[in-house]
Amino acid sequence: MWGNKWALPALPATVNGIEFTDMGDGRVHAKGTSTGWATVRTTMALPAGEYTLEHTHGSGDSLFCELKSTDGAVDLFSHSSANRATIPAGDYQMIVSVPPSKTVDQTITPILRKLN
């Protein structure tokens, strides 16, 4: 139950100036300067329950992850206080993002845990 439930998208991918690379062990490296929102995502079915979303990475704060329901009702961010929720069973987008006009060279490890 406590294991990382995060699923990575198919990588490598280059989006809006950012090159996303799979570094293994659930880590994603992002490098470049974003010309707009640079996001990679995958959709996965999750069972109902209480979840937390966090991330680990090196210096800087321009790289983050987000869990979003396909209907937009659930939206958790790894870098804010909105990182814990009880969610219904359903399909969820797992997103790694860099905001517009940011330069990054970072590795992030998204961590999605089911608490109950």
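So in our numbering, spot 27 of the sequence shown is number 50, and the numbers just go up one at a time. Note that CB positions come from ideal geometry on N, CA and C, so glycine has one too.
Check whether residue i and residue j have beta carbons under 8 Å apart
i	j	result
L90	L99	yes
G55	T132	no
Straight-line gap, residue i to residue j (C-alpha atoms, nearest Å)
i	j	result
M117	N106	13 Å
P123	D45	21 Å
E77	S101	4 Å
V38	R64	11 Å
D51	D94	First, the residue type needs correcting, since residue 51 is Val and not Asp in the sequence shown. Each residue's Cα considered, the two are about 26 Å apart.
A61	A33	15 Å
Y115	Y74	12 Å
Residues near residue i in its chain [Cβ-Cβ closer than 6 Å; skip 5 each side]
i	result
T58	N39 and G40
V127	A53, S85, L86 and V121
8 Å contact criterion, which residue i and residue j should meet: CB distance rounded
i	j	result
G113	S92	6 Å
L135	K28	4 Å
Neighbourhood of residue i by C-beta, 8 Å cutoff - its chain only, sequence neighbours within 5 removed
i	result
P35	E42, F43, T44 and D45
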